[in-house]
Amino acid sequence: MQIIETEHLILRPFREGDAADLFAYLRTPTAPCFLSLKLADLAEAEIEVRKRALDEGRVAICLKQNGQVIGDLFGGTGEDEKDETASIGWNLNPQFSGQGYAFEAARALLDHLFRVKGFRRVYAYVEDHNKPSQRLCEKLGMRREGVFIEFVSFTNDDEGNPIYENTMQYAILRSEWMSGATAIRHPLGMTGVAGTETSSYGV
Ligand SMILES: CC(C)(COP(=O)(O)OP(=O)(O)OC[C@H]1O[C@@H](n2cnc3c(N)ncnc32)[C@H](O)[C@@H]1OP(=O)(O)O)[C@@H](O)C(=O)NCCC(=O)NCCS
């Protein structure tokens, strides 16, 4: 993906040198849906970074001030991307939550998916207990479209039986994004075709 610049952040592909920052938050993933990504040590983190560097849909969220990777986003590639539909997701190092960085990053990625990649619909799956993620979807202008009861399992109970999660789907259409309050206002004429290598998104 192209590099995206926002007020405080750089969104870019993963690259060599990111392992320690990735390990800092994937040594103990907080959301059940990311438990399978848990990394045992720095060596595993290096392998994961190499994998992510080849994945067009994986985006490192970096602080502009020092280049630190503080989390990641995904969106715009994957098996279920059809009918001009993309899924989106986020995972922030908890040390950096509550500062508006997730919103700043997700907003820029959504704008990129609609405006540059031309997706028609973007959705996110969120577990019913994950209030920060629901709040983020809502701030992005996404609509809660439904709840799938006992939709997916990420963990087992003590007897080895799967614990199923109730999963919400949030979504927003390109037409809604472009006319809504959350969309990033671009200079006149910049309406949506892939352009330069770097995009700057104001807030
Ligand atoms: C979900 C997740 C990305 C949300 O991160 P977050 O930091 O809470 O989200 P935001 O960037 O929207 O910031 C939230 C708060 O920062 C505060 N904040 C502080 N400074 C701010 C600023 N300059 N601008 C905006 N908000 C600011 C706001 O009060 C905001 O709270 P509000 O939503 O009540 O207004 C994060 O909790 C996370 O990574 N969780 C673990 C992984 C996960 O659950 N992923 C989703 C699986 S479905």
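Each residue of the sequence shown is one higher than the one before, starting from 1 at the first, in the UniProt record's numbering.
Just so you know, even glycine gets a beta-carbon here, dropped at the ideal spot from N, CA and C.
Length of the line joining the Cα atoms of residue i and residue j
{"i": "residue 7", "j": "residue 157", "result": "43 Å"}
{"i": "residue 32", "j": "residue 127", "result": "9 Å"}
{"i": "residue 37", "j": "residue 114", "result": "28 Å"}
{"i": "residue 45", "j": "residue 23", "result": "6 Å"}
{"i": "residue 193", "j": "residue 96", "result": "Unreliable placement is indicated for residue 193, whose pLDDT of 38 sits below 50; the coordinate value is still reported in the next sentence. Using only the alpha carbons, I get a separation of about 32 Å."}
{"i": "residue 189", "j": "residue 116", "result": "Caution is warranted here: a pLDDT of 46 is assigned to residue 189, below 50, making its placement in the model unreliable, and the coordinate value is therefore given only provisionally. Cα-Cα distance, rounded: 13 Å."}
{"i": "residue 203", "j": "residue 112", "result": "For residue 203, the pLDDT reaches just 47, beneath the cut-off of 50, and the residue's location in the model is therefore unreliable, leaving the point undetermined."}
{"i": "residue 26", "j": "residue 176", "result": "34 Å"}
{"i": "residue 137", "j": "residue 146", "result": "13 Å"}
{"i": "residue 5", "j": "residue 41", "result": "30 Å"}
{"i": "residue 50", "j": "residue 17", "result": "10 Å"}
{"i": "residue 166", "j": "residue 129", "result": "8 Å"}
Residue from the options with nearest C-alpha to residue i
{"i": "residue 60", "options": "19, 27, 98", "result": "19"}
{"i": "residue 58", "options": "140, 88, 145", "result": "88"}
{"i": "residue 122", "options": "50, 30, 148, 169", "result": "169"}
{"i": "residue 63", "options": "11, 171, 155", "result": "11"}
{"i": "residue 134", "options": "90, 94, 159", "result": "90"}
{"i": "residue 143", "options": "180, 149, 9", "result": "180"}
{"i": "residue 173", "options": "3, 186, 182", "result": "182"}
{"i": "residue 1", "options": "35, 53, 30", "result": "53"}
Distance CB(residue i)-CB(residue j) smaller than 9 Å
{"i": "residue 101", "j": "residue 92", "result": "yes"}
{"i": "residue 55", "j": "residue 103", "result": "no"}
{"i": "residue 86", "j": "residue 76", "result": "yes"}
{"i": "residue 154", "j": "residue 163", "result": "yes"}
{"i": "residue 258", "j": "residue 21", "result": "The structure shown has nothing for residue 258, since the chain only spans 1 to 203."}
One or two residues paired with residue i in a DSSP bridge
{"i": "residue 144", "result": "170"}
{"i": "residue 10", "result": "5, 62"}
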